[in-house]
Structure formats: C-alpha cells, structure tokens
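As structure tokens, the structure follows; a few thoughts come after it.
In full-length UniProt numbering, the protein residues as written are 1 to 88.
So this is what it looks like as structure tokens:
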C-alpha cells in the first residue's frame, strides 16, 4: 500500500477536503501546495500522479494527531529518523 492510498483513505474516512488536508500538514510544520495534494490524491494510473514521500506522510499523521487531540506544548518536537534494515 502506498502512502498515497493511506492519505486518500484517511481523507475520505474523515470526510475532509483538500484545504483541511493542507491545514493538517501545517499543524505539523509542513507547507504543501494544493496542486501537490491533488497529485497525491490521484490514483497511480491517473495522469499527474505524484508519490507522497515518507517524510510528508509522517508529517500528515503527526498533524492529524494534533488536529484530533491537540498539541502538547510540554513535549519536545518529534524528530523523524529513517533507518533501513535490510536482511538478506
């Protein structure tokens, strides 16, 4: 499952529009244009599709938590670390 599928599913599940998706990204400190959001929400076989990067997906999920339950100012900001664990 692609990040785009998750983003699309959450958007439809919560019945939020593209503007609200952009606001949720802003809550996590990311600015995403409406054109990018439109491209992320397209199916992978549609023209104009763009893959949603892991960092943006993590930011969206952080922003969604802030949107739904509020931001705890007493906690330090989360740092995204990416580790590749390849086993052969």
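C-beta atoms are modelled at their ideal positions from N, C-alpha and C, and glycine is treated no differently. These numbers come from a predicted model, not from an experiment.
May I have a chain-ordered list of the alpha helix (DSSP H) segments no shorter than 4 residues that lie completely inside the segment 9 to 47? Here the runs fully enclosed are 18 to 27, 34 to 41.
Where residue 56 falls: helix, strand or coil (DSSP): Three-state result, residue 56: helix.
Please classify residue 28 as buried or exposed, where buried requires at least 16 neighbouring CB atoms within 10 angstroms. It counts as buried.
Taking the alpha-carbon positions, what's the residue 35 to residue 48 distance? Approximately 10 Å between the Cα atoms of the pair.
Report all residues from its chain with a CB closer than 7 Å to the CB of residue 40; omit the five preceding and five following residues, and keep chain order. Taken in chain order, the residues that qualify are 4, 7, 50, 52.
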